[in-house]
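Numbering (our numbering), first residue to last: 830 to 1046.
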């Protein structure tokens, strides 16, 4: 397969796909990559990954740099585990992607390329972060409740208020809750206000944790 044939194949993938030389220079950038990252092809080609994406890992350390582990891999290695990467878009915002890597060796030219396939996992990361916060908050509340048990709600939660808390406990975002319940953002805000009043809580996360501990959801 010629490089041009490979690039044409990547153009038809649904995932954001781009090919990188062993020097880290982008040599292919498909339409899905343009849509996901915001950079048109003429702004991405012949630039380094670190310049375009400025990728960082889960610990906040730079991943896209001159000493990139993937670029420095042994010649014979043909498979890599996929990994999560936080990257910069053209607008300046950042998003999380999961990256799979394929090594392409052109036997005709001896040229070696690394093909990256990327998918947006920002919502998944937000859910994971919320779950972590819920677990940590639950631990803190358990320690506090051992000394100061919380009383039950002043007024029983309505059926829809209970559904709101259940959806948030599942990791749904506010837009996700409004879509699921078919309510407006203002109605959701009203529900949260009433929930906090009834549970004597101060925010959504605290309300969810108290409801779980009191077995209200």
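Heads up, the beta-carbon is just placed ideally off N, CA and C, and yes, glycines get one too.
Those residues which DSSP pairs with residue 788 across a bridge:
The first residue shown for the chain is 830 and the last is 1046, placing residue 788 beyond what the model contains.
Three or more C-beta pairs under 8 Å: does that hold for the segment 1018 to 1025 against the segment 958 to 967?
Short answer: they don't touch.
CB-CB length for residue 929 against residue 946, believed under 8 Å:
Taking the first residue of the chain shown as position 1, residue 929 is located at position 100. Taking the first residue of the chain shown as position 1, residue 946 is located at position 117. Yes, they are in contact, since the Cβ atoms of residue 929 and residue 946 sit about 5 Å apart, within 8 Å.
In whole angstroms, give me the CA-to-CA distance for residue 1045 and residue 1008.
Walking along the chain shown from the start, residue 1045 turns up at place 216. Walking along the chain shown from the start, residue 1008 turns up at place 179. Each residue's alpha carbon lies about 23 Å from the other.
Spatial neighbours of residue 941 within its chain, please: C-beta separation below 6 Å, excluding the five flanking residues on both sides.
As a working mapping, residue 941 is identified with position 112 in the chain shown. Contacts found: 851 and 934.
Leaving out five residues on either side along the sequence, give the residues of the same chain with a beta carbon under 7 Å from the beta carbon of residue 863.
Reading the chain shown from its first residue, position 34 is the one you call residue 863. The residues are 869 and 870.
How is residue 996 classed by DSSP in three states: helix, strand or coil?
Walking along the chain shown from the start, residue 996 turns up at place 167. Helix.
Hey, out of 847, 1003 and 1023, whose CA is closest to residue 988's CA?
Numbered from its first residue, the chain shown carries residue 988 at position 159. The candidate whose alpha carbon is nearest that of residue 988 is 1023.
For residue 861, name the three-state secondary structure that DSSP assigns.
Within the chain shown, the letter at position 32 stands for residue 861. Correct three-state label for residue 861: helix.
Among residues of its own chain, excluding the 5 on either side of residue 861, which ones have a beta-carbon nearer than 8 Å to its beta-carbon?
Within the chain shown, numbered from 1, the residue matching residue 861 stands at position 32. Correct list, in chain order: 842, 843, 844, 845 and 846.
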